[in-house]
Amino acid sequence: MNMLEVDGLGHTYKGKDGSHTAIDGLDFTVGAGELVCVVGPSGCGKSTLLRTIAGLIRPSRGTVSLHGNKVDGVPSDLAVVFQDYSRSLFPWLSVTRNVEFPLRTLSRTEREARAVEALAAVGLSTAGKKYPWQLSGGMQQRVAIARALAYRPSLLLMDEPFASVDAQTRFELEDLLLRIRREQDTTVLLVTHDIDESVYLGDRVLVLSKSPATVVAHLDVPLGPVRDQITTRASDDFVELRAKVAGLLQGAPVTVR
Amino acid sequence: MNMLEVDGLGHTYKGKDGSHTAIDGLDFTVGAGELVCVVGPSGCGKSTLLRTIAGLIRPSRGTVSLHGNKVDGVPSDLAVVFQDYSRSLFPWLSVTRNVEFPLRTLSRTEREARAVEALAAVGLSTAGKKYPWQLSGGMQQRVAIARALAYRPSLLLMDEPFASVDAQTRFELEDLLLRIRREQDTTVLLVTHDIDESVYLGDRVLVLSKSPATVVAHLDVPLGPVRDQITTRASDDFVELRAKVAGLLQGAPVTVR
Amino acid sequence: MSGAPRVPASLVGLVGFFAIWEVASRTDLVPGYYLRPPSVVLPTMVTLLGDPEFVRAVVATLAATLLALVIAVLIAVPAGLVLGSVPPVRRAVMTLVEFLRPIPSVALIPLALLTFGTGPDTKITLAVYGALWPILFNTMYALDEVDPLHVETARAFGTGRLGLLGRVALPSAAPFVLTGVRLSFAIALAVVISTELFSGGTIGLGQVVNVASGGGLNMDTVLAGTVLAGLIGYGANAGLELLHRKAFAWSQPKVGAE
Amino acid sequence: GLLGGDDNTTSSGSTGSAGAVEKAKVKVGVLPVVDVAPFYRAIEQGYFRDQGLDVEPVVMASGAASINAVLSGDVDIAFSSYPAPLLAQSKKVAEFKIVADALTAKPGHIVVVAPPNSPLKKPTDAPGKKIAITARNTMTDLAPMSVLKTQGVDYTQVEWREMTFAEMIPAMERGEVDGAVVVEPWVTTAMKKIGAVPVFDGASGPTAEMPMSGYVAIGGTGKFASTSPNTIAAFQRGLAKAQAEATDRTKVEPMFVKYAKIDQQTAQLVTIATYSTSLEANRIQRVANLMQEFGVIKGNLDVASMIPSSTSNK
Amino acid sequence: MNRVTRTAQRWVVFAVAVGLWELVTQLAKAAEAEKSFFFPPPSEIALTAKDLWFSSAFGDHIVPGISRMLGGWALAGVIGIALGILLGRSRRAMAYLGAVFNFLRSIPPPLLVPFFVAAVGPTNMQFPTIVFGAIWPVLLNTVDGARGVDATKVETARVFRLSRAQWTFGVVLPSALPKVFAGLRLSLSIALILMVISELIGSANGIGNQLVRAQRDYEPTAMWAWIVLLGVLGYLFNTLLLVLERRALAWQPRHSLETQALATGG
Ligand SMILES: Nc1ncnc2c1ncn2[C@@H]1O[C@H](COP(=O)(O)OP(=O)(O)OP(=O)(O)O)[C@@H](O)[C@H]1O
Ligand SMILES: Nc1ncnc2c1ncn2[C@@H]1O[C@H](COP(=O)(O)OP(=O)(O)OP(=O)(O)O)[C@@H](O)[C@H]1O
Ligand SMILES: [Mg+2]
Ligand SMILES: [Mg+2]
């Protein structure tokens, strides 16, 4: 049962002075409850891919299907953590209100409870009353994550969500994501440039070529659902996979799957 | 010979509802031509520290001195790569013009030459005519780096400058920075949350405590000026230092120096 | 207001407006001898445009308006930059400004007439006075909205106060300033025509309307003048919008409006 | 001065006896009204040129604007209906000189009219009614008030509404006002367009033959009226010639159409008032007295002092 | 900086201007300069103003004038913001209506009189004139603000499938708000100006009505007293609006001390 099906997907940005093909002929599927990591060189089209899946831009070619239905417009039950997190927060709302903002169907108390819980999960319990611009970069990024988590989407798209936090916090957030995925059976598509992270988090890793992005490889990560920062990262499988991904990214001809 | 001297530096943000002390009683020095990496938990005050050194905010306590002169206002010959790179690019200027922005004392041809060179160095030779919003996140970050490099400052402040680029590009940019530092004898203060990066790049690593930031440790990195991504990272010194920094960050009581 | 790419759609709106007017004055909804229908007014306008004297009046009005607008921009933009970026000056000057702003040019016409005479000076001075404010205010407000990080970036790279104003504040404020200019054009036109209308003495569209309405119900001419004023403003606005699109390609919305 | 009459050596005109004009180029502020028809005729027929004058009409928007223009020195002579300059004189704004009389009311020139179905049918209906006028303290309210007063009607109870003549007609039709005080050509227009009926004449009884408007200049040291007596006399002679001819309808009707923008049809119907050929202080004094009577002017105003000494035909 | 110096700063230029005005007009008067009749010294104006403003004119003219103006301005604000958001965020609405609005907005208010006379009659046209004239700054500025919503925020709103109300009042309006306030402040003075203009025709009372009467009756001191009243009212309402604005825009970083210092380069 495929949650997400991407079929011949391509997108070309049109500008006054020429057009630019960001992604081209992408094919892949993501099963329900799977966590797929996307890696690829800077500027290859990862964010573009996420945008087309979220229905924010209409792809030039090919289709995206969710639960077998072609995506046309923004699907329901979807949350995105944007790469440009600082701009995706509303400066006129406090941190708590930012997190509560998409939860309009819930009652007031429930909304508050969710916000408190999500902020606590990302370690921002005390920042609720502040405005986004009063926070550090990493804290803003965590607010954006908290907002997406509080929404409890069935499909979660994350664009380099841990890029601005320190190593320690990053580990904690990674584990948080894994836990939530297990508990809520969320399907996650996560863009990262950290190869270790992609292997540590992913059920599969999707390696993209440089611009225009095409699928270079689709690696299974057979590390099981429960992972641990110390033991997993020290495991042989992990080290091997990590080298494989790195090799693929550098263009080494590896055929997997 | 100290280029930069930070003495009892503290800053408290004042807001309507209470104040927040971001950094407190920081003391350290950076010699001319040194590359010092700053690591610390998210929200501890690293960006605040950089802003006070750049003279962008007046510290509440203590002083910053450059070449023995107290900093009051923005010192000359300084460049900053901001953490929020996308907002620090001017949307009304093309990429080339953004890079040329600070070079107005130079002649037109020299300006252009510098911009071309800097953009080539960060791998963006073809993007010069685009506007920032037509670039991917990582590309925008590289534009911000190119702008700082083209300026050829004597003091370069970088706030998580490689957070949004893929691993491969990151390595290349790290080496670019090391090379430029060697060639131009630039003093660099670089904030990073990547412990490996801090050890790989730094002559010293400054470890900060969590908010309000105080100096936890000041580690020398005896890896020599010429480093290599593969051999250096594989060296024992590297692995040991890296573990030490990680331990310091997690609050292990290590006394160094 | 811009972004009306499809000419037919924008015509639909205008044609609709004229159709309502036509019907209202053809039926007895409004006194038709007074609010003449566009089917009478538009041909009158075309006929008038063949009259060199009328054309001279229109050109005189237009020239005065443009001159006033240019002067207003030259005063208000620098003033707005200074007031928007130097709080002490802003505090010191705004009190006076807030007292002056609500004084209608129309109320000053007699005094201006006494001081500047019946020449074009009077209407240009009054139009500058009326047109200053939107540009000044929009410049000031746009400055408040300049991204602080842009300012920090420029300052970090050693940009001085003037450079900050000219190279950061002005470009990022420019689109909103231009909106102020678009508002000001209409105001300058209104003040010029009103001055012609209420004081007389100089040739211009307002004078034509005034003379026409003095001698009987020459509503054809009056309304032709009215429509022409609207069309002039419409044309000027279209020109300014074109300028906007050309100059501020970077500020175009990247995400299509729904 | 530079613009002085010295440069005009060619003519002292047909009446050379009066001496050379001090200022050949004369700007006159006028309004687009029937009152100035002879003035335009004088220009068209060259009567001013014959007097050695180059007269340039400057069309102003209102009597008040015209007065302001003459005060600022921008025009030398201003046409206005009388109340404005008389009031200004009484307030000592400047030393006004009446250069020429323009128009004297005749029955049918200034009329209180009402729409056909109006409750305002006769003068005694006026109290409590809304009546449109151009402005307070002008002939449009003073004249009817005077008439009402002599008939014993309480004129203070009339609600005056200020608007332009053009707006009075739809206002009457919509019933927003019960009547309006109009002068020609608006009397004719109102009758034609909405079938308005006359309620009473504004120039009857105490206001019969009331002088309505004239041409003024500013006197006092260094001012036009003092420095240019010959010019004023020349202007008076030129204008008088046209005023005298104005009894002939065919001579003024074309001026109505051309300069007051009255349509041909209406122009043929309008009541033509009397264009004065002489300047008599005691007649104009009636206007001052009327204004005094209704408290517009406080104290006495001697109009005789406003007639320039050079005036030929006192 | 303490309160006292701030207040002093605020009024010093104003006080100097009034002082100069007094000086020049007194000198002119002493020298019996031409036209000094029309430019009385402010001290005389103040005396007249005291008598005029606090006489029966207050209830007869000032109150009706102000209520018309405030009502007109409020309505113009509501319509301007609503239409501005619609036009700013909908290409289609802009395509159909933009041209009409640009046409109408360019017609000088005095030339619009025939339309209002035809539609509502000359004695009732004050209110619509004010509304019609005061709409434009709010409308144009709101369009600008609504259009300028940051692209990432637009995408965020779309992803979370915000309701139309949330989108309009939670995203578009707040991001347009600074510009809307600029428009509202411009509109406020335009409403005052149009109050005066509209009271010239068909109105039996109002500040404009009295102002013009004083003008025509050659009462320059009274005329100046009314002009000064307009200034005072404009200042007063503007100050109130600023208080409101400061509350509504409290979230803006510019209101923090840090960035204030920044903007001034200090
Ligand atoms: N403008 C401001 N007003 C109030 N508080 C602020 C402001 N800017 C930062 N802070 C607070 O100061 C602290 C330090 O912020 P800073 O941005 O220096 O952290 P940082 O070390 O750069 O963190 P990160 O790694 O997440 O970027 C944070 O707790 C933040 O909430
Ligand atoms: N709005 C746009 N208009 C034109 N070109 C664009 C636009 N957005 C992105 N691009 C181009 O599309 C390509 C892919 O961009 P995208 O943001 O998807 O890259 P990415 O994989 O997310 O990179 P990064 O890791 O650096 O964020 C880039 O070359 C970029 O220049
Ligand atoms: Mg990206
Ligand atoms: Mg930071």
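If you read the protein sequences in the order shown, they are chains A, B, C, D and E.
Take our numbering: the final residue in the first sequence is number 299, and no numbers are missing along the way.
Take our numbering: the final residue in the second sequence is number 299, and no numbers are missing along the way.
Take our numbering: the final residue in the third sequence is number 479, and no numbers are missing along the way.
Take our numbering: the final residue in the fourth sequence is number 338, and no numbers are missing along the way.
Take our numbering: the final residue in the fifth sequence is number 270, and no numbers are missing along the way.
We put the CB at the ideal spot given by N, CA and C, even for glycine.
Since the structure is predicted, the reported quantities are computational estimates derived from the model, not experimental observations.
May I ask which residues mark the beginning and end of the alpha helix (DSSP H) holding residue i?
{"i": "Glu152 of chain A", "result": "Arg150 to Ala163"}
{"i": "Trp230 of chain E", "result": "Pro224 to Ala252"}
{"i": "Ala61 of chain D", "result": "Ala61 to Glu68"}
{"i": "Asp165 of chain D", "result": "Met163 to Thr174"}
Can you list the residues of chain E that residue i reaches, using a CB-CB cut of under 9 Å?
{"i": "Asn161 of chain D", "result": "Arg217, Arg220 and Asp221"}
Verify the contact flag: residue i, CB atom, against every heavy atom of ligand 2, threshold strictly below 8 Å.
{"i": "Gly85 of chain A", "result": "yes"}
{"i": "Ala91 of chain A", "result": "Correcting the residue type first, residue 91 of chain A is Leu in the shown sequence and not Ala. The answer is yes for Leu91 of chain A."}
{"i": "Tyr127 of chain A", "result": "no"}
Since residue i meets chain A, which of its residues come closer than 9 Å, beta carbon to beta carbon?
{"i": "Lys171 of chain B", "result": "Asp59"}
{"i": "Phe173 of chain E", "result": "Near Phe173 of chain E there are no residues of chain A at all, since even the closest Cβ is about 11 Å away, more than 9 Å."}
{"i": "Leu291 of chain B", "result": "Asp208, Ala209 and Gln210"}
Confirm the yes/no value for this check: CB of residue i, any heavy atom of ligand 1, distance under 8 Å.
{"i": "Met98 of chain E", "result": "no"}
{"i": "Tyr350 of chain C", "result": "no"}
{"i": "Glu214 of chain A", "result": "no"}
{"i": "Ala169 of chain A", "result": "yes"}
{"i": "Ile65 of chain B", "result": "yes"}
{"i": "His371 of chain C", "result": "no"}
{"i": "Ser130 of chain B", "result": "no"}
Is any non-hydrogen atom of ligand 3 found closer than 8 Å to the C-beta of residue i, if you look at the structure I gave you?
{"i": "Gly179 of chain B", "result": "yes"}
Comparing the CB of residue i with every heavy atom of ligand 4, is any distance shorter than 8 Å?
{"i": "Val164 of chain A", "result": "no"}
{"i": "Asp201 of chain B", "result": "yes"}
{"i": "Val233 of chain B", "result": "yes"}
I need the boundaries of the beta strand (DSSP E) containing residue i, first residue and last residue.
{"i": "Asn44 of chain A", "result": "Asn44 to Lys56"}
{"i": "Ile242 of chain D", "result": "Pro235 to Ile242"}
{"i": "Leu231 of chain B", "result": "Thr229 to Val233"}
{"i": "Val72 of chain A", "result": "Ser61 to Gly73"}
{"i": "Asp262 of chain B", "result": "Val257 to Asp262"}
Run down chain E in chain order and give the residues with a C-beta less than 7 Å from the C-beta of residue i.
{"i": "Glu119 of chain D", "result": "Within 7 Å Cβ-Cβ: nothing; Glu119 of chain D doesn't reach chain E, min ~11 Å."}
{"i": "Leu111 of chain D", "result": "Asp221 and Tyr222"}
Could you list which residues in chain A have their beta carbon closer than 8 Å to that of residue i, in chain order?
{"i": "Ile237 of chain B", "result": "Ala209"}
Going along chain C, which residues have a C-beta under 9 Å from residue i?
{"i": "Tyr193 of chain B", "result": "Phe378 and Gly379"}
Name the chain C residues that come within less than 8 Å of residue i, Cβ to Cβ?
{"i": "Val142 of chain E", "result": "Those do not exist, as Val142 of chain E stays about 10 Å from chain C at its closest Cβ, beyond 8 Å."}
Going along chain E in order, which residues have a C-beta closer than 8 Å to the C-beta of residue i?
{"i": "Ala354 of chain D", "result": "One cannot answer for residue 354 of chain D here, as it falls past the ends of chain D, which runs 25 to 338."}
{"i": "Gly446 of chain C", "result": "Leu115"}
Between the region 113-139 of chain A and chain E, which residues of the former have a C-beta closer than 7 Å to a C-beta of the latter? Val116, Ser118, Leu120, Ala121, Val122, Phe124, Asp126, Arg129, Ser130, Phe132, Pro133 and Trp134
For the region 129-144 of chain D, list every residue whose C-beta sits within 7 Å of some C-beta in chain E, in sequence order. none
Using a Cβ-Cβ cutoff of 9 Å, what residues of the region 99-114 of chain E are near chain C? List them in chain order.
Ala99, Tyr100, Leu101, Gly102, Ala103, Val104, Phe105, Asn106, Phe107, Leu108, Arg109, Ser110, Ile111, Pro112, Pro113 and Pro114
_Closer than 7 Å between beta carbons: that is the criterion. Which residues of the region 43-66 of chain E meet it against chain D?_
none
Please name the residues in the region 355-370 of chain C whose beta-carbon is closer than 7 Å to at least one beta-carbon of chain B, in chain order.
Asp368 and Leu370
Report task. Return the residues of the region 323-353 of chain C that lie within a Cβ-Cβ distance of less than 7 Å from chain E, sorted by chain order. Result -> Pro323, Ile324, Pro325, Val327, Ala328, Pro331, Leu332 and Leu335
Within 7 Å of chain C by C-beta, residues of the region 285-303 of chain D in sequence order:
Lys285, Ile286, Asp287 and Thr290
Members of the region 82-109 of chain B that neighbour chain C once the beta carbon cut-off is set at 7 Å: Ala96 and Leu98
- Using Cβ-Cβ distances below 8 Å, what residues of the region 160-188 of chain E are close to chain A? Thr160, Arg162, Val163, Phe164, Arg165, Leu166, Ser167, Gln170, Gly174, Val175, Pro178, Ser179 and Leu181
* **Near-chain E residues of the region 241-273 of chain C - C-beta to any C-beta below 7 Å** => Val251, Pro252, Tyr255 and Leu256
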